[in-house]
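Novice:
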Amino acid sequence: MAHLLLVEDDTTFSKLLTNFLGKHGHQVRACADLKEAREALHNDPNGPFEVLMLDYRLPDGNSVDFLKSLRGEGNRTAAFIMTSFHDVRTAVTAMQLGAFDYITKPVNPEELLMVLREALNKGEASGVKGAPKAKSGIKSDKQSLEYIEGKSKISKQLYEYVRLVAPTDMSVIIQGESGTGKEHVAKSIHKLSKRSNGPFVAIDCGSLSKELAASELFGHKKGAFTGALMDKIGQFEAADGGTLFLDEIGNLGYDVQIKLLRALQERIIVPIGGTQQVKVDVRLIAATNEDLISSAAAGDFREDLYHRLNEFKIEVPPLRKRGEDLGIFIQHFVDKANQELDRNVKELSKEVMEIFQKYDWPGNLRELNNVIKRLVLLSKEEVATSSALPAEMITAMEGTPKATGSDLKALQETHEKEMIEKVLQEVRYNKSKAAKLLNIDRKTLYYKIEKYQIE
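Heads up: the sequence shown is residues 593 to 1047, going by my numbering.
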């Protein structure tokens, strides 16, 4: 039995979910808005929650902003978003902020149980059992997707760079959109390096609160701050002799960046509240979906740290640029889902393949894996059909006219303009936030605003 927090303002749907999950042995606390949810997180008599199930649109805000706030406070309880908002980019944004997964309405019972089961497994793997105990930003290997390299020209170049830099001890920045497999690239570098017998420690910097980030990286001494009840070894020490992977490094606070720069330059760390220096032998690999040069120019990221990290940079291409690899990835994820879910899907229908080839995959390989897992779960026959695809994919395809000849560029520009306008509206025309969500630098955003004459 799991203790779950459901945040849903539709009382009828909330009761249905509560009863359904109750019949499957779970204990559900239902809240109708974010204020009530926050009170429940702090004062529920049955203790910490194991999974948060969050409706996207709520009377007093949206669950993406709520989740961002929780992560900033150090709460990393497994969470997934439920939304009838037919745009997977919302879910991608949520996953960048630490959501485990998303599910679209109307909710399919089997899909709900599958996502819930995986969220619970994720919590167990990372040792997270609700807010009070959620103090580790370490990623479990079980959370990482297993990827294959692909055979396209762009994939071959990517792994040629991996094999080139792996035997060295150079620091590496891996840049790419969310879901492209940056952690897999980091692991590949580690496995091909001279440190392959040493530890590979991965930390999600996006899930570390400002208060806990320094402690997580460098450790602390008992009594260093409120809640420091015993000495703690930091992840630099845990990765000694191996590789430390810092995912979404752009989220680290400025003061932690200073400590990180010193650790890289001098190969020593000092635990929080301590005075004794500790020698560490660690290779650092950092990943980001931001343009760190623009962040440095804006004063959000130290320029000297950027240059120290950027001894070698690897760009991981988005899925939409790896067209030749799509079929390979699809087969890989179908085989993986069949094994995990005890299904026997042997092929995808022609209609499904056409949709997959036209879709732009904003969530990249992670989204492809999730979509195929749902597709396999909901397919009872050997051939998976489009009826098992998420509604937002069908909607996206129905709203996209077929492009031919010279109209293709105009179509792409129209789509790009609409997306920029939509994101600007969502962030209330904060151009820095919009550029970050669109994964472009601010100069590029200003250029496109002028180009498309966006008011």
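We put the CB at the ideal spot given by N, CA and C, even for glycine.
Among D934, L613, H782 and K851, which one has its Cα closest to the Cα of S971?
Specialist: The shortest C-alpha separation from S971 is found at D934.
Novice: For Y951, does the count of other Cβ atoms within 10 angstroms reach 16, so buried, or fall short, so exposed?
Specialist: It is buried - the Cβ of Y951 has at least 16 other Cβ atoms within 10 Å.
Novice: Using 8 Å as the cut-off, can you tell me whether the segment 764-777 makes contact with the segment 639-648, which would need three or more C-beta pairs spanning the two stretches below that distance?
Specialist: No: the two stretches stay apart, fewer than three of their Cβ pairs being nearer than 8 Å.
Novice: Within its chain, find whatever has a CB closer than 7 Å to the CB of G997; leave out the 5 residues flanking it on each side and keep chain order.
Specialist: Residue confidence for G997 is low, a pLDDT of 44 falling below 50, so the modelled location carries little weight and cannot support an answer.
Novice: Just the Cα atoms here: how many angstroms apart are E665 and T603?
Specialist: Going from the Cα of E665 to the Cα of T603 covers about 29 Å.
Novice: What three-state label does DSSP hand I877 in the structure shown?
Specialist: Here I877 sits in strand by DSSP.
Novice: I need the straight-line Cα distance from L1037 to V870, nearest angstrom please.
Specialist: Spanning the two alpha carbons is a distance of roughly 44 Å.
Novice: Would you mind sorting S788 into buried or exposed? The rule is 16 or more other CB atoms within 10 Å of its CB.
Specialist: Classification for S788: exposed.
Novice: Return the CA-CA distance between G614 and A879, expressed in angstroms with no decimal places.
Specialist: Spanning the two alpha carbons is a distance of roughly 40 Å.
Novice: Which residues in the same chain have their Cβ closer than 8 Å to the Cβ of G815, if we skip the five residues on either side of it in sequence?
Specialist: Only G865 meet the Cβ criterion.
Novice: What would DSSP say about H634, mapped onto helix, strand or coil?
Specialist: Looking at H634 - three-state DSSP - the assignment turns out to be helix.
Novice: How is H899 classed by DSSP in three states: helix, strand or coil?
Specialist: The answer is helix: DSSP assigns H899 an H, G or I state.
Novice: Return the Cβ separation of E903 and S763 in integer angstroms, given the expectation that the two are a contact with Cβ distance under 8 Å.
Specialist: Between S763 and E903 the Cβ distance is about 5 Å, and since that is below 8 Å, they are a contact.
Novice: Please go through the same chain and pick out, in chain order, the residues whose beta-carbon is closer than 8 Å to the beta-carbon of S978, but skip the five residues on each side of it.
Specialist: For S978, where only same-chain residues beyond five positions count, the Cβ hits under 8 Å are S941, E943, V944, I947 and I986.
Novice: Since D647 and M674 are thought to touch, with beta carbons under 8 Å apart, how far apart are those beta carbons, to the nearest angstrom?
Specialist: Their Cβ separation, rounded to whole angstroms, is 5 Å, which keeps D647 and M674 in contact under 8 Å.
Novice: I need the straight-line Cα distance from M593 to I795, nearest angstrom please.
Specialist: C-alpha separation (whole angstroms): 29 Å.
Novice: Candidates R1020, L876, R900 and V872: which alpha carbon is nearest I885's?
Specialist: The candidate whose alpha carbon is nearest that of I885 is R900.
Novice: N654 bridges to which residues according to DSSP?
Specialist: According to DSSP, N654 bridges with R649.
Novice: Distance, Cα to Cα, K1009 vs A889?
Specialist: If I take the Cα positions, the gap works out to 26 Å.
Novice: State the start and end residues of the unbroken beta strand (DSSP E) segment that holds R787.
Specialist: Element bounds for R787: n/a, residue is neither H nor E.
Novice: Could you name each continuous beta strand (DSSP E) segment of 3 residues or more that falls completely within the segment 783-852, going from the start of the chain to the end?
Specialist: For the segment 783-852, whole beta strand (DSSP E) runs of length 3 or above, ordered along the chain, are 792-796 and 835-839.
Novice: Mind listing, in chain order, the continuous alpha helix (DSSP H) runs of no fewer than 4 residues lying wholly within the segment 1000-1043?
Specialist: 1023-1030 and 1034-1043, all fully within the segment 1000-1043.
Novice: Does the segment 924-932 come close enough to the segment 749-764 that 3 or more CB-CB pairs lie under 8 Å?
Specialist: The segment 749-764 vs the segment 924-932: no contact.
Novice: So who's on the other strand from H595, going by DSSP bridges?
Specialist: Looking at the DSSP assignment, H595 forms a beta bridge with Q619.
Novice: Ends of the alpha helix (DSSP H) at M945?
Specialist: Where M945 is concerned, the enclosing alpha helix (DSSP H) stretches over K942 to K950.
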